[in-house]
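If you read the sequences in order, they're chains A, B and C.
The first sequence runs 26 to 361 under the working numbering.
The second sequence runs 53 to 387 under the working numbering.
The third sequence runs 106 to 393 under the working numbering.
C-beta: ideal position from N, C-alpha, C; glycine also.
Please read all numbers here as calculations on a predicted model, not as lab measurements.
Quick notes on the structure that follows.
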Amino acid sequence: MMTPKGMQIRRLDIDAEEPHTLGPGRARTSRPALTVVPSQVVSEMSPESDKPTGHAKPRRSTWRTPSALPGFGPTMGFTLLYLGILVLLPLAALIIKASGGTWAQFWATATAPRALAAYQLSFGAALIAAVVNLVFGVLVAWVLVRYEFPFKRLVDGLVDLPFALPTAVAGIALATLYSPKGWIGQFLDQFGIKAAYTETGVTLALIFIGLPFVVRTVQPVLQDIDPELEEAAASLGAKPWQTFVRVIGPAIMPAALTGFALAFARAVGEYGSVIFIAGNIPMKSEIAPLLIIIKLEQYDYRGAAVIGVVMLAASFLLLLGINLIQRWARTRQGEI
Amino acid sequence: MKTKSILAALAIAAMAALPQAASAKDISLLNVSYDPTRELYKEINVAFAKQWKDKTGDTVTIQQSHGGSGKQARSVIDGLKADVVTLALAYDVDSLYDNGKLIPLEWQKRLPQNAAPYTSTIVFLVRKGNPWKIKDWDDLVKPGISVITPNPKTSGGARWNYLAAWAYALHKNNNDDAKAKDFVKKLFKNVPVLDTGARGSTTTFAQRGLGDVLIAWENEAYLSLAEFGADKFDVIVPTESILAEPTVSIVDKVVDSKGTRQVAEAYLNFLYTPEAQKIIAKNFYRPRDAAASSAATVKLPELTLFTIDEQFGGWRKAQKTHFDDGGTFDDIYKP
Amino acid sequence: MSAPRRRNSIGAGPGMRAALIGVSLLFMAVFLVLPLLSVFTEALRGGFGKYFAAILDADAIAALRLTLLVALIAVPLNMVFGVAASWAIAKFDFWGKSLLITLIDLPFSVSPVISGLIYVLLFGAQGLLGPWLQAHDIQVIFAVPGIVLATVFVTFPFVARELIPLMQEQGTEAEEAARSLGANGWQMFTRVTLPNIKWGLLYGVLLCNARAMGEFGAVSVVSGHIRGLTTTMPLHVEILYNEYNFIAAFAVASLLAFLALVTLVVKSALEWGDRQNPDEVRVAGATL
Numbered sequence: 026m027m028t029p030k031g032m033q034i035r036r037l038d039i040d041a042e043e044p045h046t047l048g049p050g051r052a053r054t055s056r057p058a059l060t061v062v063p064s065q066v067v068s069e070m071s072p073e074s075d076k077p078t079g080h081a082k083p084r085r086s087t088w089r090t091p092s093a094l095p096g097f098g099p100t101m102g103f104t105l106l107y108l109g110i111l112v113l114l115p116l117a118a119l120i121i122k123a124s125g126g127t128w129a130q131f132w133a134t135a136t137a138p139r140a141l142a143a144y145q146l147s148f149g150a151a152l153i154a155a156v157v158n159l160v161f162g163v164l165v166a167w168v169l170v171r172y173e174f175p176f177k178r179l180v181d182g183l184v185d186l187p188f189a190l191p192t193a194v195a196g197i198a199l200a201t202l203y204s205p206k207g208w209i210g211q212f213l214d215q216f217g218i219k220a221a222y223t224e225t226g227v228t229l230a231l232i233f234i235g236l237p238f239v240v241r242t243v244q245p246v247l248q249d250i251d252p253e254l255e256e257a258a259a260s261l262g263a264k265p266w267q268t269f270v271r272v273i274g275p276a277i278m279p280a281a282l283t284g285f286a287l288a289f290a291r292a293v294g295e296y297g298s299v300i301f302i303a304g305n306i307p308m309k310s311e312i313a314p315l316l317i318i319i320k321l322e323q324y325d326y327r328g329a330a331v332i333g334v335v336m337l338a339a340s341f342l343l344l345l346g347i348n349l350i351q352r353w354a355r356t357r358q359g360e361i
Numbered sequence: 053m054k055t056k057s058i059l060a061a062l063a064i065a066a067m068a069a070l071p072q073a074a075s076a077k078d079i080s081l082l083n084v085s086y087d088p089t090r091e092l093y094k095e096i097n098v099a100f101a102k103q104w105k106d107k108t109g110d111t112v113t114i115q116q117s118h119g120g121s122g123k124q125a126r127s128v129i130d131g132l133k134a135d136v137v138t139l140a141l142a143y144d145v146d147s148l149y150d151n152g153k154l155i156p157l158e159w160q161k162r163l164p165q166n167a168a169p170y171t172s173t174i175v176f177l178v179r180k181g182n183p184w185k186i187k188d189w190d191d192l193v194k195p196g197i198s199v200i201t202p203n204p205k206t207s208g209g210a211r212w213n214y215l216a217a218w219a220y221a222l223h224k225n226n227n228d229d230a231k232a233k234d235f236v237k238k239l240f241k242n243v244p245v246l247d248t249g250a251r252g253s254t255t256t257f258a259q260r261g262l263g264d265v266l267i268a269w270e271n272e273a274y275l276s277l278a279e280f281g282a283d284k285f286d287v288i289v290p291t292e293s294i295l296a297e298p299t300v301s302i303v304d305k306v307v308d309s310k311g312t313r314q315v316a317e318a319y320l321n322f323l324y325t326p327e328a329q330k331i332i333a334k335n336f337y338r339p340r341d342a343a344a345s346s347a348a349t350v351k352l353p354e355l356t357l358f359t360i361d362e363q364f365g366g367w368r369k370a371q372k373t374h375f376d377d378g379g380t381f382d383d384i385y386k387p
Numbered sequence: 106m107s108a109p110r111r112r113n114s115i116g117a118g119p120g121m122r123a124a125l126i127g128v129s130l131l132f133m134a135v136f137l138v139l140p141l142l143s144v145f146t147e148a149l150r151g152g153f154g155k156y157f158a159a160i161l162d163a164d165a166i167a168a169l170r171l172t173l174l175v176a177l178i179a180v181p182l183n184m185v186f187g188v189a190a191s192w193a194i195a196k197f198d199f200w201g202k203s204l205l206i207t208l209i210d211l212p213f214s215v216s217p218v219i220s221g222l223i224y225v226l227l228f229g230a231q232g233l234l235g236p237w238l239q240a241h242d243i244q245v246i247f248a249v250p251g252i253v254l255a256t257v258f259v260t261f262p263f264v265a266r267e268l269i270p271l272m273q274e275q276g277t278e279a280e281e282a283a284r285s286l287g288a289n290g291w292q293m294f295t296r297v298t299l300p301n302i303k304w305g306l307l308y309g310v311l312l313c314n315a316r317a318m319g320e321f322g323a324v325s326v327v328s329g330h331i332r333g334l335t336t337t338m339p340l341h342v343e344i345l346y347n348e349y350n351f352i353a354a355f356a357v358a359s360l361l362a363f364l365a366l367v368t369l370v371v372k373s374a375l376e377w378g379d380r381q382n383p384d385e386v387r388v389a390g391a392t393l
């Protein structure tokens with residue numbers, strides 16, 4: 026369950042900062058006062074019981090912490106309805122199809138050697154790509170927020186390109202670039218590196234696909250970080266890297282993790298851009314979504330659904346894990 | 053005032069439209085086909101529409117949908133309202149009977165020549181001057197030769213390629229299946245990329261410059277010469293190959309619900325007429341009507357051709373033995 | 106870094122600054138600019154005449170029209186959902202929040218192949234609802250409704266995912282203050298929340314729109330590929346590419362990329378205009 030601590034902090038925060046929240050020139054409200062709240066005050070205000078304190082309204086439901094804000098019912102209702110009809114119902118159809126056979130059949134299809142090799146490629150390449158995007162995404166976001174340089178706005182706009190370019194076009198363009206005759210491919214070829222039609226090619230395509238996620242999630246948070254914090258840290262004698270790790274790091278971590286999770290999740294299932302640059306050789310450069318297509322090609326809808334469900338379950342667990350870590354980070358951050 | 057005048061205009065428009073609707077109909081047909089027939093049916097459709105208009109006064113518009121043969125068959129099974137299907141292999145048309153009984157079991161007997169109004173075969177495309185001296189299927193398994201062919205799991209054309217190589221090896225080795233499998237295994241060792249469709253493989257070979265030899269539909273090989281330049285590639289014809297029979301059928305369930313059976317049947321029968329056969333020959337396919345060959349832009353070479361029925365006992369059997377999960381294609385990639 | 110620490114204490118030294126900018130720009134150049142350039146190079150290979158002929162082709166225009174129609178339906182739906190979902194998630198604490206966020210993320214990680222397939226399994230002739238739909242002569246897949254559904258699915262998380270972290274970061278103080286000053290729910294939303302999230306919202310909508318127009322895999326499964334009828338622009342690109350009409354294929358692709366770049370420029374301009382006039386927000390807050 027969600028600890029009420031975060032809420033308590035914010036309520037404290039508002040008492041101290043109320044005029045500030047209404048009147049800043051910047052549209053976004055920052056919360057610099059958070060860090061100044063002594064931790065013992067927090068623990069005094071939020072005992073470890075379920076019962077929220079300092080709140081006049083009676084509890085309306087057991088699973089939600091009461092709040093002064095309106096609109097929870099209708100927005101949550103609409104969210105669940107929309108999610109149910111458009112996402113959960115169709116996904117249920119997939120699961121129903123996959124569970125058409127016996128459990129042994131399901132297991133045999135899901136863990137066939139070729140399927141395992143394909144998962145390994147899809148998840149492995151997606152993970153590498155997401156890590157690359159995490160590092161470079163934070164860097165690009167930092168550069169875009171903190172520095173002024175020519176054509177900055179153009180560069181900023183370009184970040185969203187992978188969303189805009191149809192994945193099939195991206196695949197064709199990347200295959201053109203990295204094939205032995207391509208602009209980058211011929212250069213790599215001299216060093217004996219084969220990019221197109223190998224695992225490397227798959228990873229390159231996935232880096233392209235996931236590039237905007239980390240940049241776009243980190244950027245707004247970075248913008249909101251009050252420079253005073255850094256100045257304060259610096260005046261207390263912190264070295265720049267210490268400031269980054271201690272002050273900036275925790276602040277952008279939830280956002281960076283979200284970006285990482287999204288880039289990873291997106292890459293795992295990607296088909297259009299990868300299929301042109303993957304060699305599609307069984308056991309070697311065959312991605313999991315291609316296996317689904319192959320099953321369909323044999324009119325084996327159940328087999329296709331089984332692979333689909335395995336990938337779905339894996340991404341779901343990974344995403345859930347990352348979202349939980351993120352929530353933990355958010356709560357912890359509030360306690361500093 | 054305003055609404056009145058609009059109403060009047062509408063009434064006049066309706067009256068103007070009425071007599072036409074009574075005398076001539078606008079019919080639309082959907083032909084769901086595989087990848088390499090785009091250019092062919094573009095021409096066929098124009099010719100048929102003209103002929104149909106002359107004969108009945110009705111305007112028929114034929115919409116085209118192209119894609120991998122298996123994917124297209126699946127779309128029809130899943131509800132794409134195709135009046136006719138013109139697919140790469142009989143197995144894909146069979147699946148319309150197997151999954152949902154959209155056509156009768158004996159669909160192939162309804163039209164002449166196994167319901168295949170044109171045929172093709174499998175040949176090689178090599179770089180100009182044939183630097184690796186590739187002459188026959190044997191040359192493809194030599195070490196160091198890079199072969200481009202699509203994935204038999206996803207491409208109908210690739211299945212013809214695979215079976216042609218297999219049958220060649222059978223004939224060389226006194227019908228020894230184990231040796232044939234070994235031959236095909238060696239062949240696929242030389243394949244660096246398995247594109248999902250025939251057109252993808254052609255692009256990989258012709259545009260990206262990968263591979264020494266492309267195994268391709270004969271019609272695709274000659275089309276590549278026309279599209280990419282005859283100065284870049286040579287077509288090599290092996291000593292023997294498979295007779296590829298792309299089959300056609302009306303989709304009974306759809307034409308009966310749409311009421312288009314008559315025109316759909318006429319459309320498919322039109323494919324067998326001298327006029328259509330000439331268009332077929334012009335597009336590098338092998339026409340059934342020998343007289344039409346004179347219309348061909350290139351003279352297609354003579355070679356020994358075997359059929360899938362005599363060599364593999366039909367498509368259902370070949371699919372099961374070679375391409376379904378656990379078939380020979382899966383075996384050759386087992387580590 | 107011995108450089109004087111003024112506003113920024115990190116990476117403020119000129120050497121560090123140049124290095125960071127340089128590395129970022131190089132990364133962007135290799136992974137973004139080169140692919141984009143290659144699209145335009147290929148598109149203009151045959152000169153402007155062929156380029157415009159490809160774009161003004163009747164089938165290309167039909168594809169453009171369908172793409173815009175689909176985006177016009179899918180994007181507003183996901184926008185309303187995104188705002189509602191992020192309000193419920195970011196401003197309230199409840200049990201199972203991480204699960205709900207994960208479910209919203211899920212369409213991202215579902216392979217486009219599956220995103221199309223699920224609607225086939227549901228609405229296809231052999232699907233769960235297929236017989237009923239056929240009996241009532243309703244065509245969902247291989248028609249516009251199917252394409253819209255698949256597009257809504259793949260762009261589902263964009264707006265919500267953009268807004269949730271932003272609104273969480275902003276907390277609930279502003280809204281609570283507005284409430285305590287007597288604003289009703291709608292006033293609070295339009296005068297406090299909306300101004301605060303408008304850039305995030307705009308971002309989400311733009312990304313959602315770009316992806317809606319560019320989606321290939323999922324739409325490909327449910328489209329039926331009927332030329333000039335159920336082909337969106339990305340599908341039309343594929344058709345042209347498969348007809349060895351590379352110039353036209355890249356021309357239509359470049360049009361998609363160009364459309365996206367234009368929307369981004371518009372966004373930048375709006376943002377810049379707002380920065381020039383920062384009082385707006387404060388005024389809105391003060392009138393409460």
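Distance between residue j and residue i (C-alpha atoms, nearest Å)
| i | j | result |
| --- | --- | --- |
| L137 (chain C) | Y170 (chain B) | 46 angstroms |
| Q397 (chain C) | L306 (chain C) | With chain C running from 106 to 393 in the structure shown, residue 397 (chain C) is simply not present. |
| D361 (chain B) | I294 (chain B) | 11 angstroms |
| S346 (chain B) | L171 (chain C) | 43 angstroms |
| R368 (chain B) | I232 (chain A) | 42 angstroms |
| N203 (chain B) | L254 (chain A) | 58 angstroms |
| R387 (chain C) | N301 (chain C) | Here the model assigns R387 (chain C) a pLDDT of 31, short of 50, so the residue's position is not dependable, and the following value carries that caveat. About 11 angstroms. |
Three-state class that DSSP yields for residue i in the structure shown
| i | result |
| --- | --- |
| R171 (chain A) | helix |
| I300 (chain A) | helix |
| S346 (chain B) | helix |
| L139 (chain B) | coil |
| A150 (chain A) | helix |
In DSSP terms, what residue i is bridged to
| i | result |
| --- | --- |
| V287 (chain B) | B:L177 |
| W269 (chain B) | B:I174 |
| I200 (chain B) | B:L266 |
| P339 (chain B) | B:Y170 |
| I114 (chain B) | B:L81 |
Short Cβ contact (8 angstroms threshold) for residue i with residue j
| i | j | result |
| --- | --- | --- |
| F247 (chain C) | S253 (chain B) | no |
| V297 (chain C) | A279 (chain C) | yes |
| E224 (chain A) | A150 (chain A) | yes |
| A303 (chain A) | V227 (chain A) | yes |
| T111 (chain B) | K105 (chain B) | yes |
| E267 (chain C) | G309 (chain C) | yes |
| N213 (chain B) | I186 (chain B) | no |
| A339 (chain A) | L247 (chain A) | no |
| V135 (chain C) | V194 (chain A) | no |
Using a Cβ-Cβ cut-off of less than 7 angstroms, give me the residues of the region 300-316 of chain A that come near chain B, in sequence order. For the region 300-316 of chain A, residues whose beta-carbon sits nearer than 7 angstroms to a beta-carbon of chain B comprise I300, G304, N305, I306, P307 and M308.
Going along the region 127-150 of chain C in order, which residues come within less than 8 angstroms of chain A, judged by CB to CB distance? So the list reads V128, S129, L130, F132, M133, V135, F136, L137, V138, L139, P140, L141, S143, V144 and E147, given in the order they occur along the chain.
Closer than 7 angstroms, Cβ to any Cβ of chain B: which residues of the region 160-171 of chain C, in chain order? Listed in sequence order: no entries.
Near-chain C residues of the region 234-245 of chain A - C-beta to any C-beta below 8 angstroms: Of all residues in the region 234-245 of chain A, only L236, P237, R241, T242 and P245 come within less than 8 angstroms of chain C when Cβ atoms are compared, listed by chain position.
Taking any Cβ of chain A, which residues in the region 197-215 of chain C have a Cβ under 8 angstroms from it, in chain order? Against chain A - using a Cβ distance shorter than 8 angstroms - the residues of the region 197-215 of chain C are F197, D198, F199, W200, G201, K202, S203, L204, L205, I206, T207, L208, I209, D210, L211, P212, F213, S214 and V215.
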